[in-house]
Amino acid sequence: MAVTHDVPPRLDDLVATAHRIREAIESVIEGKSDVVRLTLTVLLAEGHLLIEDVPGVGKTMLAKALARSIDCPVRRVQFTPDLLPSDITGVSAYNQQTREFEFKPGPVFANIVVGDEINRASPKTQSALLECMEEHQVTVDGVTYQLDAPFMVIATQNPIEMEGTYPLPEAQRDRFTARIAMGYPEPAAELEMLDVHGSASPIDKLEPVATTAEVKALIEAVRAIYVSQSIKRYAIDLVTATRHSPDLRLGASPRSTLQLVRAARAHAALAGRDYVIPDDLQALSLPVLAHRLLPSVEAQGQRRLPEQVITDLVRRVPVPEAQAR
Numbered sequence: 001m002a003v004t005h006d007v008p009p010r011l012d013d014l015v016a017t018a019h020r021i022r023e024a025i026e027s028v029i030e031g032k033s034d035v036v037r038l039t040l041t042v043l044l045a046e047g048h049l050l051i052e053d054v055p056g057v058g059k060t061m062l063a064k065a066l067a068r069s070i071d072c073p074v075r076r077v078q079f080t081p082d083l084l085p086s087d088i089t090g091v092s093a094y095n096q097q098t099r100e101f102e103f104k105p106g107p108v109f110a111n112i113v114v115g116d117e118i119n120r121a122s123p124k125t126q127s128a129l130l131e132c133m134e135e136h137q138v139t140v141d142g143v144t145y146q147l148d149a150p151f152m153v154i155a156t157q158n159p160i161e162m163e164g165t166y167p168l169p170e171a172q173r174d175r176f177t178a179r180i181a182m183g184y185p186e187p188a189a190e191l192e193m194l195d196v197h198g199s200a201s202p203i204d205k206l207e208p209v210a211t212t213a214e215v216k217a218l219i220e221a222v223r224a225i226y227v228s229q230s231i232k233r234y235a236i237d238l239v240t241a242t243r244h245s246p247d248l249r250l251g252a253s254p255r256s257t258l259q260l261v262r263a264a265r266a267h268a269a270l271a272g273r274d275y276v277i278p279d280d281l282q283a284l285s286l287p288v289l290a291h292r293l294l295p296s297v298e299a300q301g302q303r304r305l306p307e308q309v310i311t312d313l314v315r316r317v318p319v320p321e322a323q324a325r
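Put into structure tokens, the structure is as follows:
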């Protein structure tokens with residue numbers, strides 16, 4: 001597909017390109033079409049993805065499959081307790097030949113950065129991602145370096161194993177557009193996995209189906225998806241409801257409102273629409289908002305999860321009526 005930088009692709013071109021990427025990922029990840037769709041939504045929304053689930057369900061495989069489906073620089077970082085911030089951002093090293101300091105870029109200088117087991121690194125190392133995730137830049141020794149677009153961080157973590165881990169602080173979690181859980185596969189999908197993955201890993205045969213230029217153009221097209229004032233107010237109402245809920249001691253931030261609308265644009269585009277509807281916001285409310293919320297002491301005592309609170313709020317917040325564009 002020919003894509004130029006001057007003219008955004010038509011919506012059907014966007015859907016076709018996204019469909020190719022989706023098919024490539026699903027050739028490796030069986031029976032998880034909803035998870036793959038949300039991953040693409042986050043990519044086109046210029047966001048970052050946190051994959052949180054038990055070991056062995058394909059968290060890292062999903063991240064690798066997306067990375068290999070796009071012909072762009074990809075770097076993987078294995079987070080460990082002894083990992084330093086400079087191991088991620090890069091470091092200024094002295095060159096004895098030129099007698100000057102030279103900046104050696106770290107793995108964060110890539111279009112897709114896969115952070116495996118992010119909660120195994122210390123908070124100091126985790127914080128090295130804060131600037132690059134929010135501002136798409138890195139500052140080392142007082143010098144700021146811009147990161148190339150598109151830029152996406154895909155991090156994985158195991159919520160069950162707590163020994164030797166450092167929980168992500170709220171500021172770090174808030175920078176992830178969405179959090180997803182892979183979940184266990186259905187028996188039929190697991191049987192197919194045994195057939196497909198039994199002799200060799202299909203990810204080794206995965207070839208890029210889209211270029212960096214195409215993904216950039218798709219992101220530009222998603223930015224142009226129409227969002228009415230009533231939809232924007234609906235997004236604000238949903239987020240504001242979390243701040244006033246007695247079941248939560250920390251509601252969603254203004255950043256979450258922005259990311260919810262951005263993700264809704266991408267969700268609409270993948271559905272073939274050039275405008276956002278309330279269903280887009282409702283479908284994304286759980287993955288975009290839940291990981292940012294902290295339940296109250298009373299809610300914890302009742303084992304009431306943030307996901308349950310959001311589900312109730314979505315039912316109660318009035319839905320705007322359809323308006324002509």
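Under full-length UniProt numbering, read the sequence shown as residues 1 to 325, first letter to last. Note that the Cβ used here is the ideal one computed from N, Cα and C, for glycine as well.
Residue i versus residue j - alpha carbon distance
| i | j | result |
| --- | --- | --- |
| Thr311 | Leu286 | 8 angstroms |
| Thr211 | Met152 | 15 angstroms |
| Met1 | Val42 | For Met1, the pLDDT reaches just 44, beneath the cut-off of 50, and the residue's location in the model is therefore unreliable, although a value from the coordinates is still provided. Answer to the nearest angstrom: the Cα atoms are 22 angstroms apart. |
| Ala235 | Leu168 | 26 angstroms |
| Cys72 | Leu191 | 32 angstroms |
| His136 | Gln146 | 6 angstroms |
| Asn158 | Phe176 | 16 angstroms |
| Glu26 | Ala283 | 21 angstroms |
| Gln78 | Ile118 | 8 angstroms |
| Asp6 | Gln229 | Annotation note: pLDDT 43 at Asp6 (below 50); position unreliable, coordinate value reported separately. So the alpha carbons of these two residues sit roughly 28 angstroms apart. |
| Phe103 | Gln97 | 15 angstroms |
| Asp280 | Pro320 | 13 angstroms |
| Leu44 | Arg233 | 22 angstroms |
| Glu170 | Arg99 | 42 angstroms |
| Leu83 | Arg120 | 9 angstroms |
| Ile160 | Gly56 | 12 angstroms |
| Asp87 | Val317 | 45 angstroms |
| Asp34 | Ile180 | 10 angstroms |
| Asn111 | Ala65 | 14 angstroms |
| Leu206 | Ala63 | 13 angstroms |
| Pro254 | Val314 | 18 angstroms |
| residue 337 | Asp204 | Residue 337 lies beyond the stretch modelled for the chain, which goes from 1 to 325, so this question has no answer here. |
| Val28 | Asp13 | 24 angstroms |
Nonlocal neighbours in the same chain, by C-beta distance under 7 angstroms from residue i, ignoring five residues either side
| i | result |
| --- | --- |
| Lys59 | Ile51, Asp53, Thr156, Met182 |
| Val3 | Bear in mind that a pLDDT of 43 at Val3, under 50, signals an unreliable position, so the number given afterwards is only what the model happens to contain. For Val3, where only same-chain residues beyond five positions count, the Cβ hits under 7 angstroms are Pro9, Ala213, Glu214, Ala217. |
| Thr257 | Ala235, Ile236, Val239 |
| Glu189 | The question names Glu, but residue 189 is Ala in the sequence shown. Correct list, in chain order: Glu30, Gly31. |
| His193 | Note on identity: in this sequence residue 193 is Met, with His being the wrong assignment. Same-chain partners within the cutoff: Glu30, Pro185. |
| Leu270 | Val15, Ala18, Arg37, Leu40, Thr41 |
| Val209 | Arg20, Ile21, Ala24, Ser69 |
| Thr165 | Asn119, Arg120 |
| Thr80 | Arg120, Ala121 |
| Thr89 | Gly106, Val108, Ala128, Val138, Val140 |
| Ala67 | Val74, Ile112, Val114 |
Beta-carbon proximity list for residue i, same chain, < 8 angstroms, skipping 5 on both sides
| i | result |
| --- | --- |
| Val309 | Thr242, Ser245, Asp247, Leu248, Leu293, Pro295, Ala299 |
| His48 | Val42, Met133, Met152, Val153, Ile154, Ala155, Arg175, Phe176, Thr177 |
| Pro278 | Ile231, Tyr234, Val319, Pro320 |
| Val227 | Val261, Ala264, Arg265, Tyr275, Val276 |
| Arg303 | none |
| Leu250 | Glu170, Arg292, Leu293, Leu294 |
Which residues DSSP lists as bridging residue i, in chain order
| i | result |
| --- | --- |
| Met152 | Ile112 |
| Ile51 | Thr156, Ile180 |
| Phe79 | DSSP, once it has assigned bridges, lists no residue as partnering Phe79. |
| residue 335 | The chain is shown only over 1 to 325; residue 335 falls outside these bounds and no answer can be derived. |
| Tyr145 | Val138 |
| Ala213 | According to DSSP, which records beta bridges pairwise, Ala213 is partnered with nothing at all. |
| Tyr226 | Tyr275 |
| Val74 | Ile112 |
Beta-carbon proximity list for residue i, same chain, < 6 angstroms, skipping 5 on both sides
| i | result |
| --- | --- |
| Val113 | Arg75, Val153 |
| Ala252 | Val239, Thr242, Leu289, Arg292 |
| Ala324 | Confidence at Ala324 is low in this model, with a pLDDT of 47, below 50, so the placement of that residue is unreliable and no value is reported for it. |
| Gly272 | Val15 |
| Gln172 | Gln126 |
| Tyr94 | Phe101 |
| Asp116 | Thr60, Gln78, Thr156 |
**Report entry** Inter-stretch contact (C-beta, 8 angstroms, three-pair minimum) for the stretch 257–267 and the stretch 213–225
**Finding:** yes
Report task. Determine contact between the stretch 113–129 and the stretch 20–27, defined as no fewer than three beta-carbon pairs at a distance below 8 angstroms. Result -> no
Report task. At 4 residues or longer, and completely inside the UniProt domain "ChlI/MoxR AAA lid" (241–307): list those alpha helix (DSSP H) runs for me, N to C. Result -> For the UniProt domain "ChlI/MoxR AAA lid" (241–307), whole alpha helix (DSSP H) runs of length 4 or above, ordered along the chain, are 254–270, 278–289, 297–301.
Query raised in the report: Quick one: complete alpha helix (DSSP H) runs, 4+ long, within the stretch 17–68?
Result: 33–44
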